[in-house]
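Residue 10 in UniProt numbering is what sits at position 10 of the sequence shown, and the numbering runs on without skipping anything.
For each residue, glycine too, the CB sits at the ideal point set by N, CA and C.
This report concerns only the one structure given below.
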Amino acid sequence: MTNMNSPRALGLTIATAAIIADQATKAVVVANAGALGTGIAVGPGFNLVFGRNDGVTFGMLGGVPWWGLALLALGICLWLTVMLYRSDSRIEALAYGVIIGGALGNVIDRVRFGGVTDFLDFYVGRLHWPAFNLADVFVVCGVGLLLLASVLERRKDNSRVGQE
1 MTNMNSPRAL GLTIATAAII ADQATKAVVV ANAGALGTGI AVGPGFNLVF GRNDGVTFGM
61 LGGVPWWGLA LLALGICLWL TVMLYRSDSR IEALAYGVII GGALGNVIDR VRFGGVTDFL
121 DFYVGRLHWP AFNLADVFVV CGVGLLLLAS VLERRKDNSR VGQE
């Protein structure tokens, strides 16, 4: 049984919360797809839109069968889950959890719709960043946390060396 205060429990809880948050936001978007098709201005430089992406980041690998991308994502999630179970670091567990949750949120979309629901549209003038979703935010934030954990670990190692 997993200790509820362990990094593993934290990672699994965060992954579950990320999946729920991602799927809830996408359900609202899909339910309002007609209104969002042309976009709704939320504020300067930010619209809500409705789109489907059959590729990955920025539409790369578009045209690859949905099941191929889903299997790739599931394989990566399996590896990340192993890393989560091996980690004693809470920041790493948090990072693995949000990455796993985001990736699985997009896998659910691929299985249900053959592509990922995107709805966050940021822009400056006429230049639009490719639309994305909450799952994408989770993955990017998780990678950022892993980088931060790596820097913190390196600093800790360097301070140990300096004390010897």
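**Study point:** Residues of its chain near C141, where Cβ-Cβ distance is below 7 angstroms and the 5 sequence neighbours each way are ignored
**Key:** Working through the sequence shown from its first residue, we reach residue 141 at position 141. Here the set comprises V98.
**Study point:** Range of the contiguous alpha helix (DSSP H) that encloses T117
**Key:** In the sequence shown, the residue the question calls residue 117 occupies position 117. Taken as a continuous stretch (DSSP letters only), T117 belongs to no alpha helix (DSSP H), being part of the beta strand (DSSP E) at 116-124.
**Study point:** Stretch pair the segment 18-37 + the segment 112-126: three plus CB contacts closer than 8 angstroms
**Key:** yes
Practice item. With a threshold of 16 other CB atoms inside 10 Å of the CB of V151, please say whether the residue is buried or exposed. Key: The count along the sequence shown starts at 1 and reaches residue 151 at position 151. Classification for V151: exposed.
Review point. Which word fits V82, buried or exposed, when buried means at least 16 other C-beta atoms lie within 10 angstroms of its C-beta?
Key: Looking up residue 82 in the sequence shown gives position 82. So V82 counts as exposed.
Exercise for review: Spell out a yes or no on whether the segment 36-51 and the segment 62-75 are touching, meaning 3 or more CB-CB pairs, one atom from each, closer than 8 angstroms.
Suggested key: no
Exercise for review: Report yes or no: do the segment 85-98 and the segment 7-19 share at least 3 C-beta pairs separated by less than 8 angstroms?
Suggested key: yes
Check your understanding: Tell me the DSSP bridge mates of F46?
Key -> Against the sequence shown, residue 46 aligns to sequence position 46. Note: F46 sits in a beta bridge opposite G43, F122.
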